[in-house]
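For reference, the structure discussed in these notes is given below.
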Amino acid sequence: MGYVPIKGGLKAIEAAEELVTYFRLRGGSPPLEAEQIRDQLRLAVDRVMGEGSLYAPFHAAVALKQAEGDVLEASFILRAYRSTLPRLAYTQTVDTREMRIIRRISAAFKDIPGGQLLGPTRDYSLRLLDLELAEEGTTHVKEFLAAYTFRLDSINAPLGLTFPKVVDMLRREGLLEEPVGGDGTGEIPDITRQPLLFPAPRSARLQAMARGETGGLMALAYSSMRGYGNIHPTLGELRVGYLPVRAALEGKGKLVTVGTVLVTEAEVIARMDGGGKGQQPRFTLGYGLCFGHNEVKAISMAILDRAMRSTVKEAPAEDEEFVLYHTDGIEAAGFTAHWKLPHYVTFQSVLDRLRRRQENQGKNEQKEEVTGDGPKDEV
Amino acid sequence: MAQPEKEGNAVSKEQGPVLQVRGLGKFYGEACPHCINSTGPAWESNICPACGTIVACAEISFALMAGSVLGVVGESGSGKSTLVQCLYFDLAPSTGEAFLGSYVGGKKNIFAASAQEKRLMRNKLMGMVYQNPQQGLNLDFSAGGNIAEKLLMAGCFHVGRIRARAGALLEKTEVPLKRLDHLPRFFSGGMQQRVQIAKALANNPGLVFLDEVTTGLDVSVQAKVLDLIRSLQRELALTIIAVSHDLGVIRLLTDYTLVMKNGRIVEQGLTDQILSDPQHPYTQLLVSSLL
Amino acid sequence: MAQRTRYKRGYNFAFLDESSKKELRRAMLKAVAIPGYQVPFASRELPLAQGWGTGGLQLTMALIGPEDILKVIDQGSDDVVNAVNIRKLLVQTTGVATTEDTQRATLIQTRHRIPEEPLCSWQILVFQVPYPEPLRLVEPSEAKTREMHAEADYSRLWVHLYEDIVRWGEITIGAQYPVMVNGRYLMDPSPIPRWDIPRLHMADHLNLFGAGREKRIYAVPPYTKVEPLEFEDYPFRVEDFRGKSCAACGSTSTFLDELLEETTGKRTYTCSDTSYCAKKRAARD
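Sequences listed follow chains A, B and C, in order.
All residue numbers for the first sequence refer to my numbering, where the first residue is 1 and numbers rise by one.
All residue numbers for the second sequence refer to my numbering, where the first residue is 1001 and numbers rise by one.
All residue numbers for the third sequence refer to my numbering, where the first residue is 2001 and numbers rise by one.
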């Protein structure tokens, strides 16, 4: 009998797991501390929290360590962990006007109330590989921090401000549509407890995208920007900052603040809407909000939010089933990887069909060919 | 559940009309109380000046007897295609009722039927030939497959019988039998229409709709397709509603005619009578332009 | 016994929290009540990747109790890595007893096969499902296929089969052959071979199907009609193993895996159901 590579599964799996640990550690460098990952791989942690759909910076950092830096894998680990947690309460809808801002810009107006606040961004930095970082030591870190905080104190920088929103300004002037909501019932479905059904209310679509994979969302949003269902976006406002989260916990009557989350919010002003009867034409809004500091994701989400509201569904970005079914990174990565599983039985079954077909073909060689594309006949 | 009382054209022996339509209307827009009174031929418009609603058709009533051919004539935008699309359930009408003699003895409004019943009616009791073959045919299914779809929906699950029936229908509609397994995508326009006709007749429907069937075709091909329809109608005693902007087609095919303008019927009567003695100015214009 | 078992790192019994399990069981009850109907449910992420059996696994997790005897197979085998992996997770989080013997198991989770030995009324068979929608072949939109199911409009799939016959002389679907359940719903039986289809029909046991990534649960309850789509003159056929037998146990009545001898290039066959094969060998020896 031939060699059957699938046998002895348990031992093989254990050996493979051991090898993974070995490959992670074989360099012999000191182990990464979760705190280091949380603090210094801030954006990776944010992505994992967003796509893993759980706001837990420390857990996300451990997941990144466990996944050897593979962000998708780390998000997957965090999502699976999330499945073990009971849902204790639903938080109140947050109001991003309350956001303590670290960065806030508008591409629509030069001057906005409160001003543009660049915040921590690489947007205008040249991406020159900084080899000096390889030399960074504890002393450098201490010196920088001491000097920087001293300067902060001396100029009395007003960090953590709240600002009025650009979209409110537009709405006051009747230039922008009023918020369009959920399924009309006023209820917000929880897509982690109720399945996503189509047509999906906007609130469900936004939830699905908030935990979508950054690259996937970006690819589809980019297809829209390049003309496959273009919504002609202008970035009304992009803000990054901290939001208080409140919930009515069981047993306690009143709302309690359960924590603060860092979020990125994008509001994209898009092509005009004709306006119904007795209505003036207005700009429409695409909305994006995700955990952590992830601007590409929030902007992509906002563009797709608007694109999916198109009444004609011609481009992929306009088709909610297409967008939402294909942008969950954990689903997509899992299924892509599943092709590594054995498919012997199904393959045997198709093989049986193919062989029969070949036999039939042999028999029918003489018979007229039956497939369809003959020459054009006239009437 | 739609229970055809008798198969196909046997209905002609039934009493009462094959189809009765009362007050059918189709609006696009929010509709207001002024819509009906401020649109139509008198206003030369089918757009409501008060609310902007498009009144595609309104106040359409008529009855159709078995074995007769009803023509609906009018310019584009007159609402004639909307009318047959509502009757074939491609569009949901905004107002009105219709009764099909072969559906619950003509006692139940077909528009009130469930989606499942509607599909059964479409498949078993009606046939449709669209102007554009892409609408009536799946161009990626073979000619036989297209006809098979109708037969399968009527519960025939025997490949041999399906092929025999499809072959017979193609023969009747003068499509070479060797085309049975070819894709209509590669057929000429005339032949696509013949396949559509064969498909429409697959289940011996009591009522057949023809929506501008010859409009896209060359003149010589048009004549042949019209000849075919005429001979099929006689042979099978088909009950037909034929929509056309071309009074020539109406003259050739129909016994009775509705003239439509701006979403309304402006005149109806025997086709011969309308052609020889048109009453409405619009009909007079149409007739005078007919060679 | 359950109380004595220590589960891995303080996870709940069978991993999922209890309210999630309850939700899953409600969906399963609905699926049993409407045979062949796909019940949407809010699939949870598991420590196993989606596409690797998370649907089946969630059903198993929601059903399993401390007294259950568990069997997990993939491609008919208890030993395939994926089956081992799933069994390991379930044992780690429940401490239940496992078996390879089909007739001893109370709960069987499977991928791509139905065990060869007939199951009894006290057994539950849980299938892992990659694509729950049999109409996806002819219609890409979920909203549309749900409407087609609601109206029992299966004509497009029938035409697809007709065209198959016209083109190839027979229906070319290999595994994952569409079936009608209880005369009402068209159902994807998961990628089991055609060989296994007749064994769903009027079975004594409950069949549950879980599609985790696609978030659907459906069921074939005991004694339910399961009929493969077929034409009167082109009957449904299972895989042809005539003249072939298992090289290990000699069976001529089981679904066989094909093996290619490395040196000689000769084709041999063995039972895909490994525990059945072992049992038969033991009885013979």
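For glycine and all other residues, C-beta sits at the position ideal for the given N, C-alpha and C.
Beta-carbon separation of residue i and residue j under 9 Å?
i       : j       : result
A/A266  : A/L235  : yes
A/R306  : A/P233  : yes
B/G1079 : B/N1046 : yes
A/E320  : A/P189  : no
B/G1190 : B/D1218 : yes
B/L1083 : B/L1125 : no
C/V2126 : C/V2181 : no
B/P1017 : B/G1101 : yes
B/A1058 : B/C1086 : no
For residue i, which three-state DSSP category applies?
i       : result
B/V1287 : helix
B/C1086 : helix
A/M99   : coil
B/P1184 : helix
C/P2040 : strand
A/D168  : helix
A/V379  : Any answer about A/V379 is weak, because its pLDDT of 39 lies below 50 and its placement is not dependable; what the coordinates show is given next. Looking at A/V379 - three-state DSSP - the assignment turns out to be coil, as it is neither helix nor strand.
A/S300  : helix
A/E213  : coil
B/A1056 : strand
A/D130  : coil
C/Y2234 : strand
B/M1001 : Because the pLDDT of B/M1001 is 41, which lies under 50, any placement of that residue in the model is unreliable, and the number read from its coordinates should be weighed accordingly. Here B/M1001 sits in coil by DSSP.
C/D2257 : strand
Can you name the residues that DSSP bridges to residue i?
i       : result
C/R2194 : Answer is none; C/R2194 lacks a bridge partner.
B/F1062 : B/V1021
C/V2226 : C/V2181
A/A247  : A/T91, A/V256
C/R2111 : C/D2074
C/T2098 : C/L2070
B/V1073 : B/S1244, B/V1259
A/F144  : Its beta-bridge partners do not exist; DSSP assigns none.
C/N2012 : C/F2015
Since residue i is in the beta strand (DSSP E), which residue starts that stretch and which ends it?
i       : result
B/Y1028 : 1019-1028
A/Q194  : Segment: none, A/Q194 is in no beta strand (DSSP E) and carries neither H nor E.
C/V2220 : 2216-2220
B/M1128 : 1126-1129
A/S203  : Unbroken run through A/S203 is the alpha helix (DSSP H), 202-210; no beta strand (DSSP E).
A/T284  : 282-291
C/A2211 : 2206-2211
Suppose you measure from the CA of residue i to the CA of residue j; what does that come to, to the nearest Å?
i       : j       : result
C/E2163 : B/S1061 : 42 Å
C/G2053 : B/R1119 : 38 Å
B/Q1131 : B/V1021 : 23 Å
B/G1216 : A/T214  : 49 Å
A/V268  : A/A248  : 32 Å
B/G1160 : B/A1143 : 15 Å
C/P2287 : A/L351  : Lying before the first or after the last residue shown, residue 2287 of chain C is absent from chain C, which here runs from 2001 to 2285.
C/A2150 : A/M99   : 46 Å
B/E1075 : B/G1040 : 13 Å
A/A12   : C/V2084 : 10 Å
B/A1223 : B/D1246 : 13 Å
C/Y2131 : A/E237  : 41 Å
C/E2239 : C/F2041 : 34 Å
C/G2250 : C/H2205 : 28 Å
C/A2248 : C/T2106 : 27 Å
B/S1288 : C/E2147 : 49 Å
B/G1263 : B/V1055 : 7 Å
Considering residue i, what are the terminal residues of the alpha helix (DSSP H) in which it resides?
i       : result
B/R1264 : Where B/R1264 is concerned, there is no enclosing alpha helix (DSSP H), although the beta strand (DSSP E) it sits in stretches over 1264-1270.
C/N2085 : 2081-2094
B/R1234 : 1219-1236
B/I1197 : 1189-1200
C/Y2276 : 2274-2284
C/E2117 : It is not in any alpha helix (DSSP H) - C/E2117 carries neither H nor E in the DSSP assignment.
B/A1154 : Note, B/A1154: premise wrong, no alpha helix (DSSP H); not H, not E.
A/V45   : 42-52
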